[in-house]
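Visitor:
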Amino acid sequence: EPKEDPTMPLKHFELADQAGAWHPADATIDGATVIVRNERLPRPTAVRYAYAINPQQCRLYNRDGLSASPFCSHPELLKFEPDLPRE
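Going by my numbering, the letters in the sequence shown line up with residues 40 to 126, in that order.
1. For Pro63, does the count of other Cβ atoms within 10 angstroms reach 16, so buried, or fall short, so exposed?
2. Between which two residues does the beta strand (DSSP E) carrying Pro63 extend?
3. Return the first residue and the last residue of the beta strand (DSSP E) that Arg87 is part of.
4. Rounded to whole angstroms, what is the Cα-Cα separation between Asp56 and Pro83?
5. My understanding is that Leu49 touches Leu105, with C-beta atoms under 8 Å, so please give their C-beta distance in whole angstroms.
6. Give me the residue from Gly59, Ala58, Ile68, Phe52 with the minimum Cα distance to Thr46.
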């Protein structure tokens, strides 16, 4: 059963740069908001979560214990990637 732990890092978040390339990002929870950052991307254009064939250790849950589904804020930036991460 999921337990709320603000110290546990959130994995599988990525931000897109102006050219649409994806970069790993750090994510934290602040109240009811997920803050996603990458120090090298001051102006990201999109965010995605758990974009992998079989993402492991996805720890984003709501208070009812339901896990967040993989998502992308700009699906038009998603491309077929034959080397998509397995985890």
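Where is the CB? At the ideal position from N, CA and C, for every residue including glycine.
Predicted, not measured: the structure shown is a model, and the values here were computed from it.
Guide: On the basis of the supplied data:
1. For the purposes of this step, residue 63 is taken as the residue at position 24 of the sequence shown. It is exposed - the Cβ of Pro63 has fewer than 16 other Cβ atoms within 10 Å.
2. In the sequence shown, the residue the question calls residue 63 occupies position 24. Unbroken beta strand (DSSP E) run through Pro63: 61-63.
3. Numbered from its first residue, the sequence shown carries residue 87 at position 48. Residues 85-88.
4. Your numbering for residue 56 matches position 17 in the sequence shown. Your numbering for residue 83 matches position 44 in the sequence shown. About 5 Å.
5. In the sequence shown, the residue the question calls residue 49 occupies position 10. In the sequence shown, the residue the question calls residue 105 occupies position 66. That belief does not hold up - the Cβ atoms of Leu49 and Leu105 are roughly 16 Å apart, past 8 Å.
6. By 1-based counting over the sequence shown, the position of residue 46 is 7. It is Ile68.
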